[in-house]
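S.K.:
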Amino acid sequence: AFLLTKFVILYMKCGKMLDARQVFDAMPKRNVVSWTMMIAGYAQHGQCEKALALFCQMQQVGVQPNRFTFPSVLRACAALVSLERGKQVHGHIIRSGFESDMVLGNSLVDMYVKCGSLECAQQVSDEMPERDVVSMTLMIEGYAKCGSLKIARQMFEEMPERNVITWTAMIVGHSQHGPGEEALKLFNQMKRVGVKPDQFTFASVARACACLVAVKEGKQIHAQVIRSGFHSYVVLGTALVDMYAKCGRIENARQVFDVMSARDVVSWNAMIAGYGKHGRGKEALQLFEQMLQAGVSPSYVSLISVLSACSHAGLVEEGWNYFNCMGREYNITAEAEHYACMVDLLGRAGRLDEAQDLIQKMPLKPS
RNA sequence: AAUUAGGGCUACAGCC
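Residue numbers (this note's numbering): -10 to 356.
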């Protein structure tokens, strides 16, 4: 059983969940550790319904979850944004008497934050016998993300220790809700006190520069990214592409895009949207076609960017074509945003009758 | 042998 457990872990580490599950199912005996690691694997790979199903199953066969099991279960609830199931699990934890475990407490706080219930999160946090940097960072993130920057700031300043995650959470909060300059200040401050930014931090700061249209600062960030050796991260590369694009430096954006070692659909979208915003519709559409050729499946955001590019460049026929074929060709259902782009496109082109017609045919209510 | 926190793309309009 010990060896089989090792195998399951190995499979899960390389993302082979099906193989892991096969070994798990074939195990002659499963104890609480085997169940817990399988649930953890599903939760870590975003297969949350499976994680919760397994959690039910383990109880049905009479295996009692322990303090290692619940955090993964809560993580699944959080990812599903299911406050209802999260609360059920919380009740279960109280009945099981694991309330005083810190990791478990942190998981509860995280679940409530992610499900949007800051009051419950705060209550759990207050009732914890002791808190660590994770507990504090979770609450700061919760407050910062909903715009309660004052509270977040106060907790941040009262903390005995702050790590790179704490700083990044503050930066994200301020770039979303605050004066964006504050995000850059925090970034400089963190470096001054000797906390090393990582790829998460840099991506957040790049985004802050994009929102502020701060090319100068953005370029400095870019240089630091290269010096720090983080340039190969897809998310970070994309954030830089977007930063340059939003600052109107399309050629710089394209340079970063071209040297990226890997690109996902978000990277393509950022570049396409960049062209679109600056009226370079043809290039946007060209890039979209290249993306398809590269075998990347478009997302609903891709189509928003494409339609919006058509709208900015007055490409009415092209817009209609993409709009009409997106369901069949790319399996993407037209949502309110896509309709809005089309209405905008037709409106700008002076084809108000067609726009009217489209609004009337919309399957959803206009906003 | 198993458990917890942070990052990128998303139309149009509005305020001044």
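Beta carbons: idealized from backbone N, C-alpha and C, even for Gly. Quick caveat, the model's predicted, so the values are computed rather than measured.
List in chain order: all unbroken alpha helix (DSSP H) runs of 4+ residues lying wholly within the segment 291 to 323.
M.R.: 305 to 319
S.K.: Evaluate Thr190 with the Cβ neighbour count: other Cβ atoms within 10 Å of its Cβ, from every protein chain shown; 16 or more gives buried, anything less gives exposed.
M.R.: Translated into the one-based positions of the first sequence, residue 190 becomes position 201. Its Cβ being crowded by 16 or more others within 10 Å, Thr190 is buried.
S.K.: Given a cut-off of 9 Å, decide if Ile160 and Ala197 are closer than it, judged by their beta-carbon atoms.
M.R.: For this step, residue 197 is matched to residue 208 along the first sequence. For this step, residue 160 is matched to residue 171 along the first sequence. With contacts defined by Cβ atoms closer than 9 Å, Ala197 and Ile160 form a contacting pair.
S.K.: Measuring CB to CB, does Glu88 end up less than 9 Å from Ala65?
M.R.: By one-based count along the first sequence, residue 88 stands at place 99. By one-based count along the first sequence, residue 65 stands at place 76. Not a contact, by the Cβ cut-off of 9 Å.
S.K.: By DSSP, does Val254 sit in helix, in strand, or in coil?
M.R.: As a working mapping, residue 254 is identified with position 265 in the first sequence. Looking at Val254 - three-state DSSP - the assignment turns out to be helix.
S.K.: Tell me whether Glu326 sits in a helix, a strand or coil according to DSSP, three-state version.
M.R.: Within the first sequence, residue 326 is the residue found at index 337, counting from 1. Helix, per DSSP.
S.K.: Starting from the C-beta of Cys109, find all residues in its chain whose C-beta is less than 7 Å away, skip the five residues before and the five after it, and write them out in chain order.
M.R.: Along the first sequence, one-based indexing puts residue 109 at 120. Taken in chain order, the residues that qualify are Tyr101.
S.K.: Below 6 Å CB to CB, which residues in the same chain sit around Glu171 once its five sequence neighbours on both sides are set aside?
M.R.: The count along the first sequence starts at 1 and reaches residue 171 at position 182. Here the set comprises His163.
S.K.: Can you tell me whether Ala158 is helix, strand or coil according to DSSP?
M.R.: Translated into the one-based positions of the first sequence, residue 158 becomes position 169. Note: Ala158 maps to helix in three-state DSSP.
S.K.: Assuming Met6 contacts His34 (C-beta within less than 8 Å), just tell me the rounded distance between them.
M.R.: The count along the first sequence starts at 1 and reaches residue 6 at position 17. The count along the first sequence starts at 1 and reaches residue 34 at position 45. Their Cβ separation, rounded to whole angstroms, is 6 Å, which keeps Met6 and His34 in contact under 8 Å.
S.K.: Give me, in chain order, the residues of the same chain whose beta-carbon lies closer than 7 Å to that of Ala344; leave out the 5 immediate sequence neighbours on both sides.
M.R.: Taking the first sequence and counting its residues from 1, one reaches residue 344 at position 355. Excluding positions up to five away in sequence, the list reads Val332, Leu335, Gly336.
S.K.: Taking Cβ to Cβ, would you say Leu201 is nearer than 9 Å to Gly169?
M.R.: To locate residue 201, count along the first sequence from 1; it is residue 212. To locate residue 169, count along the first sequence from 1; it is residue 180. A contact, by the Cβ cut-off of 9 Å.
S.K.: With respect to the alpha helix (DSSP H) encompassing Lys134, which residues constitute its N-terminal and C-terminal limits?
M.R.: Residue mapping note: residue 134 aligns to position 145 of the first sequence, counting from 1. Run containing Lys134: 122 to 134, per the alpha helix (DSSP H) assignment.
S.K.: In three-state DSSP terms, what is Lys185?
M.R.: As a first step, residue 185 must be located in the first sequence, where it is residue number 196. Here Lys185 sits in coil by DSSP.
S.K.: From Leu296, Ser300, Ala302, Ala325, pick the residue whose C-alpha is nearest to that of Cys314; which is it?
M.R.: Sequence index remark: in the first sequence, residue 314 carries index 325 (1-based). Closest by alpha carbon: Leu296.
S.K.: Just reading off the alpha helix (DSSP H) that Ser23 is part of, what are its end residues?
M.R.: Within the first sequence, numbered from 1, the residue matching residue 23 stands at position 34. Note, Ser23: alpha helix (DSSP H), 21 to 33.
S.K.: Classify Pro287: buried if its beta carbon has 16 or more other beta carbons within 10 angstroms, exposed otherwise.
M.R.: Here residue 287 corresponds to residue number 298 of the first sequence, with the count starting at 1. Looking at its Cβ environment, which holds 16 or more other Cβ atoms inside 10 Å, Pro287 is buried.
S.K.: Work out the CA separation of Leu341 and Val223 for me, nearest whole Å.
M.R.: Taking the first residue of the first sequence as 1, we reach residue 223 at position 234. Taking the first residue of the first sequence as 1, we reach residue 341 at position 352. Near 41 Å, if we compare the C-alpha coordinates of Leu341 and Val223.
S.K.: Write down the C-beta distance between Ser106 and Leu138 rounded to the nearest angstrom, noting that I regard them as a contact closer than 8 Å.
M.R.: Counting from one through the first sequence, the residue named residue 106 turns up at place 117. Counting from one through the first sequence, the residue named residue 138 turns up at place 149. So it is not a contact: roughly 19 Å between Cβ atoms.
S.K.: Along the alpha helix (DSSP H) that carries Pro60, what are the first and last residues, could you check?
M.R.: Here residue 60 corresponds to residue number 71 of the first sequence, with the count starting at 1. Unbroken alpha helix (DSSP H) run through Pro60: 58 to 68.
S.K.: I'd like the list of long-range same chain contacts for Lys180, defined as Cβ closer than 8 Å, with 5 residues on each side in sequence excluded.
M.R.: As a first step, residue 180 is located in the first sequence; it is residue number 191 there, counting from the start. Excluding sequence neighbours, Lys180 sits near Pro186.
S.K.: If you compare alpha carbons, which of Asp8, Asn55, Gly265 is closest to Lys235?
M.R.: Residue numbering aside, residue 235 sits at position 246 when the first sequence is read from its first letter. Among Asp8, Asn55, Gly265, the Cα nearest to that of Lys235 is on Gly265.
S.K.: Nearest to Glu206 by CA position, among Val184, Ala325, Asn177, is which residue?
M.R.: Within the first sequence, residue 206 is the residue found at index 217, counting from 1. Comparing Cα-Cα distances from Glu206 to each of Val184, Ala325, Asn177, the minimum goes to Asn177.
S.K.: Which term fits Asn386, buried or exposed, when burial requires 16 or more other beta carbons within 10 angstroms of its beta carbon?
M.R.: Nothing can be reported for residue 386, as the shown portion of the chain is limited to -10 through 356.
S.K.: What's the call for Asn95, buried or exposed, on a 16-neighbour Cβ count within 10 Å?
M.R.: As a first step, residue 95 must be located in the first sequence, where it is residue number 106. Burial call: buried.
S.K.: On the three-state DSSP scale, how would you describe Met36?
M.R.: Walking along the first sequence from the start, residue 36 turns up at place 47. Reading the sequence as shown, one finds Gln at residue 36 and not Met. Of the three classes helix, strand and coil, the one that applies to Gln36 here is coil, per DSSP.
S.K.: Does the Cβ-Cβ distance between His81 and Val113 come in under 9 Å?
M.R.: Locating residue 81 in the first sequence gives position 92, where the first residue counts as 1. Locating residue 113 in the first sequence gives position 124, where the first residue counts as 1. Not in contact: His81 and Val113 (Cβ atoms no closer than 9 Å).
S.K.: Please report how far the alpha carbon of Tyr357 lies from the alpha carbon of Met351, in whole angstroms.
M.R.: Since the first residue of the chain shown is -10 and the last is 356, residue 357 is not available in this structure.
S.K.: Starting from Cys109, follow the alpha helix (DSSP H) in both directions and report where the run begins and ends.
M.R.: Start at 1 with the first residue of the first sequence, and residue 109 comes out as number 120. Note, Cys109: alpha helix (DSSP H), 107 to 116.
S.K.: From this set, Tyr289, Arg269, Glu278, which residue's C-alpha is nearest Ser300's C-alpha?
M.R.: Here the question's residue 300 lines up with position 311 in the first sequence. Of the candidates Tyr289, Arg269, Glu278, the one whose C-alpha sits nearest the C-alpha of Ser300 is Arg269.
S.K.: Return the residue from the list Ala338, Gly339, Ala325 that minimises the CA-CA distance to Ile348.
M.R.: In the first sequence, residue 348 corresponds to position 359, counting from 1. When each option's Cα is compared against that of Ile348, the closest is Ala325.
S.K.: So what's Val285 in DSSP terms, helix, strand or just coil?
M.R.: By 1-based counting over the first sequence, the position of residue 285 is 296. For Val285, the secondary structure class from DSSP, reduced to helix, strand or coil, is coil.
S.K.: Is the CB-CB distance between Ala262 and Met232 below 9 Å?
M.R.: Taking the first residue of the first sequence as 1, we reach residue 262 at position 273. Taking the first residue of the first sequence as 1, we reach residue 232 at position 243. Cβ distance not < 9 Å, so Ala262 and Met232 don't count as in contact.
S.K.: The alpha helix (DSSP H) that contains Asp247, what's its start and end?
M.R.: Position 258 of the first sequence, counted from the start, is the residue given in the question as residue 247. It spans 239 to 248 - the alpha helix (DSSP H) in which Asp247 sits, taken as one unbroken run.
S.K.: Identify, in the order they occur along the chain, each residue of the same chain with its Cβ nearer than 8 Å to the Cβ of Ala302, setting aside the five sequence neighbours on each side.
M.R.: Here residue 302 corresponds to residue number 313 of the first sequence, with the count starting at 1. Closer than 8 Å at Cβ, skipping near neighbours: Gly265, Gly268, Arg269, Gly270, Lys271, Ala273.
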